[in-house]
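Residues 1 to 548 (UniProt numbering) make up the first sequence, in order.
Ideal Cβ placement from N, Cα and C applies to all residues, glycine included.
The structure appears below as structure tokens.
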Amino acid sequence: MPEEAAAIATEESPTEDLSTLEANRRAKLAKISELGHDPWGGRFDDRSLIGEIRARAGEITYKVPDEAGGETVHELPPLETEEQCKAFRQWKADQGRGELVGPKVRAAGRIVLHRDKGKLHFIDIRDLTGDLQVMVGMKQVGDDWELAQQFDLGDLIGVDGTLIRSNTGELSILAEKLHFMAKSIAPPPDKHSGLQDPELRQRQRYLDLIHTEGVLPRFLDRTRIVASIRNTLAQQNFVEVEGPTLHGIAGGAAAKPFQTHHNALDIELNLRIALELHLKRLMVGGIERVYEMGRVYRNEGISQKHNPEFTMLEVYQAYGNYESMMDLTEACITGAIEAIQAVHPAGARGDATSEVNYCLPWGGTTIDFKPPFARMTYNQLFAMHAGVDPEDEQAVAKLAESIGIPTEGRHPDVIKNDVFEEKVEDALEGPVFVTDYPASICPLTKRKRDNPEIAERFELFIQGMEVANAYTELNDPDLQEELFKTQLSGLSDEDSMAKMDHDFIRALRYGMPPAGGLGIGIDRLVMLLTGTQSIRDVILFPLLRPER
RNA sequence: GGGCCGGUAGCUCAGUUGGUUAGAGCAACGGACUUUUAAUCCGUAGGUCGAGCGUUCGAAUCGCUCCCGGCUCACCA
1 MPEEAAAIAT EESPTEDLST LEANRRAKLA KISELGHDPW GGRFDDRSLI GEIRARAGEI
61 TYKVPDEAGG ETVHELPPLE TEEQCKAFRQ WKADQGRGEL VGPKVRAAGR IVLHRDKGKL
121 HFIDIRDLTG DLQVMVGMKQ VGDDWELAQQ FDLGDLIGVD GTLIRSNTGE LSILAEKLHF
181 MAKSIAPPPD KHSGLQDPEL RQRQRYLDLI HTEGVLPRFL DRTRIVASIR NTLAQQNFVE
241 VEGPTLHGIA GGAAAKPFQT HHNALDIELN LRIALELHLK RLMVGGIERV YEMGRVYRNE
301 GISQKHNPEF TMLEVYQAYG NYESMMDLTE ACITGAIEAI QAVHPAGARG DATSEVNYCL
361 PWGGTTIDFK PPFARMTYNQ LFAMHAGVDP EDEQAVAKLA ESIGIPTEGR HPDVIKNDVF
421 EEKVEDALEG PVFVTDYPAS ICPLTKRKRD NPEIAERFEL FIQGMEVANA YTELNDPDLQ
481 EELFKTQLSG LSDEDSMAKM DHDFIRALRY GMPPAGGLGI GIDRLVMLLT GTQSIRDVIL
541 FPLLRPER
């Protein structure tokens, strides 16, 4: 053979033995077709969820025919311990005849374990609601026995059979008819340890959902939390809307936007960084209680608490103020806790009562969400955790210097706030509503009537994380315009004119009702309510570098 | 961007001071088994040790560069 040809042959062979595992699975796929089954399945009506099937365990009986031609129906004893199972097997043997009788059931799921014991296979299938054992016996399934030989871990199958218990008490479907739904050509991860590499877990989230314990329930909890918040808001007559995500001017927060371009209009656009300005326009339009829960995009760093796209809830309530938003925040969070606990049996969390447990695990500790949450002023917390009188500018500046915060030529309140972020926020285990912020660091907030130094604002801190932020909103268009200009004063005229949202100011000039406004970071709230330390574990597909 | 740690079979991981042909479990393949529980038992096959360059008689192991990831600090909110 010429050298070149040999080189080509070896170059090509890697693709072929790239995976003998895959080749084996493809061979079985072909065999399934030969046996007259569609290896990619089809509609499968009237199946029950595994959770529903498990709930029917009590219907299983043991029928013993008697001499008169009738039969005696025996209820099954508890079969939880080895002794109980052994005793039941002995009892069955003593009866001489009789059989387990259970309801006919139909299930579908993914094969996650496979124990092949000669002419009887034990197959564990998994669906959204849990796992269930299927017993496939050569005698019981007849022609489908050959199909069962083509099953691999990861395949999706359907089963018709009788719900029974095995000799060891395990609830099982004794299969009578098998159906093939889809072949897993790619081999699944280790059946026991699953995926460990955090990158693979995020990149191939589908595998993580199937194989990593706790992942699917956590994301289902996320969905329940979101649904519950919508419920709470609906009950209080808030109207959900959908604002634009493409903004000419990305306003409503101080963050770097992602930039994009519209071809037909030939204009530059930004992905939104906040929901605020359009929701306020809608309040002008008469939607007095309005909210949006949606994705915002910030072109900034990634950390355990930051993903470039995240879900934000913003709520505005006409004729309310920041204090109305405190009650609403509490209602949303406690409602969400009740919603996720309603689906987890109380015992599963080691809690014998059926009452809602507001103490949720977090790292090695717990967070007590029992309402009402603590409410403390900014200055109180400052004195408590920074150990310095917040009114004493000299002492605050001295403390700032000592922890490396620059003070030269900066506003005392700005220095104070740097110290607050450094010394106080991390110490706030919470939940605690921090109120009465210095007005100078909250330019877009209404001030207290009796004390213009204090802004009507709160932030909710839990475990050092800022979870919610609320204001009594500014509705004076002239003042708003003024503050926009001040905010942009560092930029060139060209830039500042470009960034001034004139339409928003124009809207305010038609009169926006006085209102309370609230923002909640949904991802962070989900982290706290599910005991998850990383934001990437509550986002199904966090941003990753492209695969190389 | 800085510091620390890591990348070995499809998956989970060992691999000594640089020393023979790189190992195990699971998964796969062949065989036994109709009540198993990560089934078990016997046998077989499976590797560009992240990539490249270098040091050396000899490199998974040492050095340099790069790629990828994790943790952490910084940045950002």
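| query | Would you call I164 buried or exposed, if buried means 16 or more other Cβ atoms sit within 10 Å of its Cβ? | reply | For the purposes of this step, residue 164 is taken as the residue at position 164 of the first sequence. I164 comes out buried.
Going by C-alpha to C-alpha distance, which of T407, G464, P514 and R272 sits closest to H385? Start at 1 with the first residue of the first sequence, and residue 385 comes out as number 385. Nearest C-alpha to H385 among T407, G464, P514 and R272: G464.
Using a threshold of 8 Å, state whether the C-beta atoms of E176 and Q140 are closer than that.
On the first sequence, position 176 is the one that residue 176 refers to. On the first sequence, position 140 is the one that residue 140 refers to. Yes.
Can you name the start and end residues of the alpha helix (DSSP H) that T20 belongs to? Looking up residue 20 in the first sequence gives position 20. First-last of the alpha helix (DSSP H) with T20: T20 to E34.
Within the chosen definition, does the segment 73-83 reach the segment 116-132 through at least 3 CB pairs nearer than 8 Å? no
What does the alpha-carbon distance come out to for the pair Q259 and I267? Position 259 of the first sequence, counting from 1, holds the residue named residue 259. Position 267 of the first sequence, counting from 1, holds the residue named residue 267. Going from the Cα of Q259 to the Cα of I267 covers about 11 Å.
Discussion item. I need the boundaries of the alpha helix (DSSP H) containing D94, first residue and last residue.
Written reply: Position 94 of the first sequence holds residue 94. Residues E82 to Q95.
Original post:
Does DSSP put Q394 in a helix, in a strand, or in coil?
Top reply: Translated into positions along the first sequence, residue 394 becomes position 394. Helix at Q394.
**Q.** Proximity to F122 [Cα-Cα], best of N167, M312 and K92
**A.** Locating residue 122 in the first sequence gives position 122, counting from the first residue. Minimum Cα distance to F122 is reached at N167.
Q) Is DSSP giving H247 helix, strand or coil here? A) For the purposes of this step, residue 247 is taken as the residue at position 247 of the first sequence. Correct three-state label for H247: strand.
- Query: DSSP three-state call for H278: helix, strand or coil?
  - Reply: Position 278 of the first sequence, counted from the start, is the residue given in the question as residue 278. Looking at H278 - three-state DSSP - the assignment turns out to be helix.
In the structure shown, what three-state DSSP assignment does R349 receive? Looking up residue 349 in the first sequence gives position 349. Low confidence applies to R349: its pLDDT is 44, below 50, so where it sits in the model is not reliable, and the reading given next is rough at best. DSSP places R349 in helix when its eight states are reduced to three.
Here's the rule: buried if 16 or more other CB atoms are within 10 angstroms of the residue's CB, otherwise exposed. What is A264?
Start at 1 with the first residue of the first sequence, and residue 264 comes out as number 264. So A264 counts as exposed.
Identity of the residue in G142, R218, A250 and Q380 nearest D503 by Cα: Stepping through the first sequence from its first residue, residue 503 is reached at position 503. Here the closest residue by C-alpha is A250.
Practice prompt. Going by CA-CA distance only, name the one from G286, F219, V101 and Y378 that's closest to residue 551.
Written response: No answer is possible for residue 551: it lies beyond the span of the chain, which begins at 1 and ends at 548.
| Does DSSP put Q150 in a helix, a strand or coil? | Your numbering for residue 150 matches position 150 in the first sequence. Looking at Q150 - three-state DSSP - the assignment turns out to be coil, as it is neither helix nor strand.
Report the rounded CA-to-CA distance for H261 versus V434, giving the unit in angstroms.
-> For the purposes of this step, residue 261 is identified with residue 261 of the first sequence, where counting begins at 1. For the purposes of this step, residue 434 is identified with residue 434 of the first sequence, where counting begins at 1. Near 40 Å, if we compare the C-alpha coordinates of V434 and H261.
Check your understanding: Closest to L544 by CA distance: which of N417, K446 and P308 is it?
Key -> By one-based count along the first sequence, residue 544 stands at place 544. For the residues N417, K446 and P308, the minimum Cα distance to L544 belongs to P308.
Report task. Enumerate, from N- to C-terminal direction, the unbroken alpha helix (DSSP H) stretches of 4 or more residues contained entirely within the segment 409-495. Result -> List check, alpha helix (DSSP H) in window: 412-419 and 477-487.
Can you have a look at A515 and say buried or exposed, based on whether 16 or more other CB atoms are within 10 angstroms of its CB?
The residue given as residue 515 occupies position 515 in the first sequence. Classification of A515: buried, given that the 10 Å Cβ count is 16 or more.
query: Among E459, L474 and S534, which residue has its Cα nearest to the Cα of K448?
result: Locating residue 448 in the first sequence gives position 448, where the first residue counts as 1. When each option's Cα is compared against that of K448, the closest is L474.
### Task
Tell whether a beta-carbon distance below 8 Å holds between A274 and G252.
Position 274 of the first sequence, counting from 1, holds the residue named residue 274. Position 252 of the first sequence, counting from 1, holds the residue named residue 252. In contact: A274 and G252 (Cβ atoms closer than 8 Å).
Exercise for review: Provide the residue(s) that pair with G137 in DSSP beta bridges, ordered along the chain.
Suggested key: Numbered from its first residue, the first sequence carries residue 137 at position 137. BP columns for G137 point to L120.
* Asked: Do you know whose CA, among C332, F180, S193 and L113, lies nearest W145's CA?
  -> Position 145 of the first sequence, counted from the first residue, corresponds to residue 145. The residue with the shortest Cα to Cα distance from W145 is F180.
Self-check item: Simplified DSSP assignment, three categories, for Q533
Solution: Residue numbering aside, residue 533 sits at position 533 when the first sequence is read from its first letter. Three-state DSSP puts Q533 in coil, outside helix and strand.
DSSP-derived helix/strand/coil call for Y206
Walking along the first sequence from the start, residue 206 turns up at place 206. DSSP, read as helix, strand or coil, puts Y206 in helix.
Cα-Cα separation, T532 to V538: Counting from one through the first sequence, the residue named residue 532 turns up at place 532. Counting from one through the first sequence, the residue named residue 538 turns up at place 538. C-alpha separation (whole angstroms): 7 Å.
| field | Minimum length 3: unbroken beta strand (DSSP E) runs contained in the segment 259-318 | value | List check, beta strand (DSSP E) in window: 259-262, 267-271, 289-297 and 309-318.
For L528 and H306, the rounded distance between their alpha carbons
Within the first sequence, the letter at position 306 stands for residue 306. Within the first sequence, the letter at position 528 stands for residue 528. Distance between the alpha carbons of H306 and L528 is about 14 Å.
- Item | Inter-residue CB distance, E288 and L279 (contact presumed, cutoff 8 Å) | Counting from one through the first sequence, the residue named residue 288 turns up at place 288. Counting from one through the first sequence, the residue named residue 279 turns up at place 279. With a Cβ gap of about 11 Å, E288 and L279 do not count as contacting.
| request: Throw me the rounded Cβ distance for the I340 and I225 pair, which I believe falls under 8 Å. | output: One-based indexing of the first sequence puts residue 340 at position 340. One-based indexing of the first sequence puts residue 225 at position 225. Correct: roughly 6 Å between the Cβ atoms.
Keeping to the same chain, check which residues put their C-beta closer than 6 Å to that of G109; ignore five residues upstream and five downstream. As a position in the first sequence, residue 109 is number 109, starting the count at 1. Counting only Cβ-Cβ distances below 6 Å, and skipping sequence neighbours, we find I125, R126 and D127.
Just verifying my parser: in three-state terms, what is the DSSP assignment at P187? If you number the first sequence from 1, residue 187 lands on position 187. Coil.
Just tell me which of T232, F541 and D208 has its CA closest to the CA of G194.
Residue 194 sits at position 194 when you count from the first residue of the first sequence. Among T232, F541 and D208, the Cα nearest to that of G194 belongs to D208.
(Q) Give me the residue from D476, E429, E466 and L428 with the minimum Cα distance to T445. (A) Here residue 445 refers to the residue found at position 445 when the first sequence is read from its first residue. It is D476 whose Cα lies nearest to the Cα of T445.
In chain order, what residues of the same chain lie with their CB nearer than 6 Å to the CB of L269, ignoring the 5 residues before and after it?
-> Residue mapping note: residue 269 aligns to position 269 of the first sequence, counting from 1. Its chain contains L246, T260 and H262 as the residues whose beta carbon lies nearer than 6 Å to that of L269, once the 5 sequence neighbours on both sides are disregarded; these appear in chain order.
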